[in-house]
Amino acid sequence: EAGVAQSPRYKIIEKRQSVAFWCNPISGHATLYWYQQILGQGPKLLIQFQNNGVVDDSQLPKDRFSAERLKGVDSTLKIQPAKLEDSAVYLCASSLVLGLGGETQYFGPGTRLLVL
Amino acid sequence: DAKTTQPPSMDCAEGRAANLPCNHSTISGNEYVYWYRQIHSQGPQYIIHGLKNNETNEMASLIITEDRKSSTLILPHATLRDTAVYYCMLRSPGGSARQLTFGSGTQLTVLP
């Protein structure tokens with residue numbers, strides 16, 4: 765079974781530029797998550813989708829971050845404009861079912877963003 | 550507020566059991582204990598989860614105390630490839646996504 769795919773793997777941009785990350789979850793997984801992981805810290809959830817609907821985006825900085833999952837499969841996360849403190853690894857995860865105790869998240873390799 | 554507390558680092562000799570503790574004294578009745586690990590430069594990997602009974606799978610064992618206020622992840626025969634950051638987290642069915650807080654985890658170093 766193919767895992768969660770993310771691209772690009774690395775991105776370097778200058779502050780105030782925009783950037784987009786793409787995630788393709790495991791086939792059939794209805795729930796998709798985006799996390800931000802700053803160096804030395806654990807992953808922090810940004811947004812959670814169930815199919816193509818947003819379940820929770822309370823920790824997403826909406827003034828500069830946006831995310832969509834239009835067809836309930838692939839998802840994109842965008843930052844516009846980027847700030848230096850956005851330098852981090854952006855992780856995508858998917859799971860089969862939301863809300864059951866046995867939910868297991870499968871993570872992609874992440875996109876490493878450096879903002880100069 | 551962090552709901553779980555883990556030591557920042559631990560060492561373990563290769564071939565020996567690694568016992569990683571996690572305190573979760575404010576755990577709610579319907580919250581599961583989950584363990585993930587993250588090997589350097591990779592995404593987190595699911596290890597095991599449990600509610601109140603001890604659990605075992607091909608990767609590890611999870612021991613949850615009777616009062617559920619703490620748990621221990623056991624890697625029975627640690628190898629060098631088990632060197633990683635191990636995260637303990639709590640999640641209830643249908644719980645808010647804000648529960649998905651990994652904290653800082655425990656850096657386990659397996660020594661040859």
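Chains as they are written, first to last, in the numbering used here: chain A, 765 to 880; chain B, 550 to 661.
Note that beta-carbon positions come from the ideal geometry of N, C-alpha and C, so glycine has one too.
Bear in mind that the values here come from a model prediction, so they are computed numbers and not experimental data.
So if I threshold CB-CB distances at 9 Å, which residues from the stretch 589-613 of chain B count as touching chain A? 590, 591, 592, 593, 594, 595, 598 and 600
Are any of the Cβ atoms in chain A nearer than 8 Å to that of residue 649 of chain B? yes
Quick one: which residues of the stretch 633-644 of chain B get their C-beta closer than 9 Å to a C-beta of chain A? List them in chain order. 634, 636, 638, 640, 641, 642, 643 and 644
Between the C-alpha atoms of residue 826 of chain A and residue 783 of chain A, what's the straight-line distance to the nearest angstrom? 15 Å
Short Cβ contact (8 Å threshold) for residue 557 of chain B with residue 655 of chain B: yes
Taking 8 Å as the threshold (beta carbon to beta carbon), is residue 809 of chain A in contact with chain C? Looking for chain C here will not work: the only protein chains present are A and B.
Can you tell me whether residue 780 of chain A is buried or exposed? The criterion is at least 16 other CB atoms within 10 Å of its CB, across all chains shown. exposed
So what does DSSP say about residue 860 of chain A, is it helix, strand or coil? coil
So, with DSSP's three-state summary, where would you put residue 624 of chain B? strand
State yes or no: is the beta carbon of residue 558 of chain B nearer than 8 Å to at least one beta carbon in chain A? no
Taking CB distances under 8 Å as the criterion, tell me whether residue 825 of chain A reaches chain B. no
Measuring only between beta-carbons, confirm whether residue 578 of chain B sits less than 8 Å from chain A. no
Since residue 873 of chain A meets chain B, which of its residues come closer than 7 Å, beta carbon to beta carbon? 591 and 592
Sorted by chain position, which residues of the same chain lie with C-beta nearer than 6 Å to residue 820 of chain A's C-beta, five sequence neighbours on each side aside? 812
Assign residue 600 of chain B to one of three DSSP states: helix, strand, or coil. coil
Going along the chain, which residues of its own chain have a beta-carbon closer than 6 Å to the beta-carbon of residue 572 of chain B, five neighbours each way excluded? 554 and 619
How far does the beta strand (DSSP E) with residue 826 of chain A in it reach, from first residue to last? Looking at the DSSP string, residue 826 of chain A is not in any beta strand (DSSP E), and its letter there is neither H nor E.
Applying a beta-carbon distance threshold of less than 8 Å, which residues of chain A neighbour residue 652 of chain B? 806
Have a look at residue 585 of chain B and residue 631 of chain B and give me their C-alpha separation to the nearest angstrom. 12 Å
Starting from residue 570 of chain B, follow the beta strand (DSSP E) in both directions and report where the run begins and ends. 567-572
Tell me whether residue 614 of chain B is buried or exposed, calling it buried when 16 or more other Cβ atoms sit within 10 Å of its Cβ. exposed
Interface residues of chain B around residue 855 of chain A at Cβ under 8 Å? 592 and 593
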